[in-house]
Structure formats: C-alpha cells, structure tokens
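**Q** Please see the structure below; I have some questions.
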Amino acid sequence: MKLHGFHRSTASYRVRIALALKGVAHDEAWYVLRNGEQRAPDYLALNPQGLVPALELGEGHLLTQSLAICEYLDELWPEPPLLPGDAFAKARIRALAQVIACDIHPVQNLKILARLKGFGVDDAGVERWAQITIEEGLAAYDTLIASCAGRFSAGDTVTLADLCLVPQLANARRFGVDYATRLPRLAAIEAACFEIEAFASSRPEVQPDAG
Ligand SMILES: N[C@@H](CCC(=O)N[C@@H](CS)C(=O)NCC(=O)O)C(=O)O
-6 MKLHGFHRST ASYRVRIALA LKGVAHDEAW YVLRNGEQRA PDYLALNPQG
44 LVPALELGEG HLLTQSLAIC EYLDELWPEP PLLPGDAFAK ARIRALAQVI
94 ACDIHPVQNL KILARLKGFG VDDAGVERWA QITIEEGLAA YDTLIASCAG
144 RFSAGDTVTL ADLCLVPQLA NARRFGVDYA TRLPRLAAIE AACFEIEAFA
194 SSRPEVQPDA G
C-alpha cells in the first residue's frame, strides 16, 4: 500500500492515524500542496480531484476520500474498531466525522481560501473566514457530543470521530482558534488521543516531509 499525502493535510492525517492504529505497513509519497504538486499531471492521473489523500492498494486499485479509506481499513483490519456499537452508535459516529469532514474542513480548505483571495478578499479576511468556519463547526461538534462523550468523542474508546477531530484541531491552532479555552472538552479529548502512540506518531510535525 502507498499513502499519497502531505504532513499538514488534515484529511491525510486521518488516514495516517487509522493506518497506525491498525498497524498496517505502507509506503508514503508526499505532495507540497502550497506548490500545487497535487495538481501535477502524474498525480491527477491517480486522483482527478487533485486532492490528498489517496491510497494505492496495488493491482491497479486506488481509493480516494479519507473517510472511505478509513472505513475500508476498518473492514480489513477490524481491531480496534473505528465504528463500534449498534446501528445508532455507528451512525452517530459517522455523523460526527462528517460534521468535520463535510461541513468544516472543505469550507476552509486550501483551494477555497485561494479562491477567496482570487475574488479579492484580503489575507485578514481569508483568515477570519477560516476562523469563523472552524469556531462555529467545533462549537456545534462540542454540543453534539455532550450526550455521548467520555474520554473520547463517543464514549471511552477511540472512534472515527476522533480521527477527524484531532486533525481539525491542528488546523484550528494553525488559524489561531483558541478552542482550549472555549471548548475545553475538545482539548481534553485531544490530550487523551495523544496518549495513544498512533495519534502521537501521526502528528504533522513529526512526519518525514515536515522538513
Ligand atoms: N474530502 C476529501 C478532502 C481531501 C482534501 O481536501 N485534501 C486537501 C488537504 S487536507 C487537499 O488536497 N487540498 C489541496 C487543495 O486544496 O488544492 C477527503 O476527505 O479525503
């Protein structure tokens, strides 16, 4: 298997954590997003969306979309389960993951911020756009987990929701969003995740391409 990603890509970070949690050996290739390497013809031939991550499986099979990749890994390597519990528990975990992966991250993604700049929004405006998106989204996430959070987002075991939350908190820090003061429950979950080696070793700053 080969993971195509970038150290600061939060979607790649989700997959790194899943691979590490499940102990799946793999190679990696990195693309410097701010240089547009994800839109080079060779990579577009793999993923026409020009986005990372993508996971090459061999025999011509390739998967895109971090949540689909995580669920694929979860089916092949069921321990530890990323979607534990009954149908309701699984759907709730998926919903939490999607709050981040569908409704926060895409709105503050690099190409959207670049497009805003192209429409004449200045740097401060673009940064504020990202901050508001993250602040509102994380506040909603925090309220949503009020009834199910334990040590982690949904109870006392790591789930797919945490694989999305921890990378999104890294982006929150990058954009200067003070979630630790406003949303201490999320900071506590992040701290609990970092006690797990798979999360600690997947942090952007310790990846080989972090330079
Ligand atoms: N929904 C996709 C999102 C992938 C995505 O947006 N990746 C970002 C990095 S986190 C990217 O490649 N951005 C490049 C760009 O915006 O040009 C997933 O979950 O895999």
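Residue numbers (our numbering): -6 to 204. For glycine and all other residues, C-beta sits at the position ideal for the given N, C-alpha and C.
Confirm the yes/no value for this check: CB of residue 91, any heavy atom of ligand 1, distance under 7 Å.
**A** Position 98 of the sequence shown, counted from the start, is the residue given in the question as residue 91. No, the Cβ of residue 91 stays beyond 7 Å of every heavy atom of ligand 1.
**Q** Helix, strand or coil for residue 0 per DSSP?
**A** Counting from one through the sequence shown, the residue named residue 0 turns up at place 7. Looking at residue 0 - three-state DSSP - the assignment turns out to be coil, as it is neither helix nor strand.
**Q** To test your reading of the DSSP string, which unbroken beta strand (DSSP E) runs of 3 or more residues are found completely within the stretch 8 to 33?
**A** DSSP runs (the beta strand (DSSP E)) wholly in the stretch 8 to 33: 20 to 23.
**Q** According to DSSP, residue 51 sits in a beta bridge with which residue or residues?
**A** Mapped onto the sequence shown, residue 51 falls at position 58. Paired residues: 54.
**Q** Taking its Cβ as the centre, do 16 or more other Cβ atoms sit within 10 Å of residue 116, making it buried, or is it exposed?
**A** Taking the sequence shown and counting its residues from 1, the one referred to as residue 116 is at position 123. When all chains shown are included, residue 116 counts as exposed.
**Q** Tell me which same chain residues have a C-beta within less than 7 Å of the C-beta of residue 86, skipping the five on either side of it?
**A** Start at 1 with the first residue of the sequence shown, and residue 86 comes out as number 93. Closer than 7 Å at Cβ, skipping near neighbours: 76, 147, 152, 153, 154.
**Q** Ignore the nearest five residues each way along the sequence and tell me which others in residue 67's own chain have a CB closer than 6 Å to its CB.
**A** In the sequence shown, the residue the question calls residue 67 occupies position 74. Answer for residue 67: 75, listed in chain order.
**Q** With a 10 Å radius around its C-beta and 16 neighbouring C-beta atoms as the bar for buried, classify residue 187 as buried or exposed.
**A** Walking along the sequence shown from the start, residue 187 turns up at place 194. Exposed.
**Q** Can you tell me the Cα-Cα spacing of residue 58 and residue 100, whole angstroms?
**A** Along the sequence shown, read from residue 1 onward, the residue named residue 58 stands at position 65. Along the sequence shown, read from residue 1 onward, the residue named residue 100 stands at position 107. Each residue's Cα considered, the two are about 16 Å apart.
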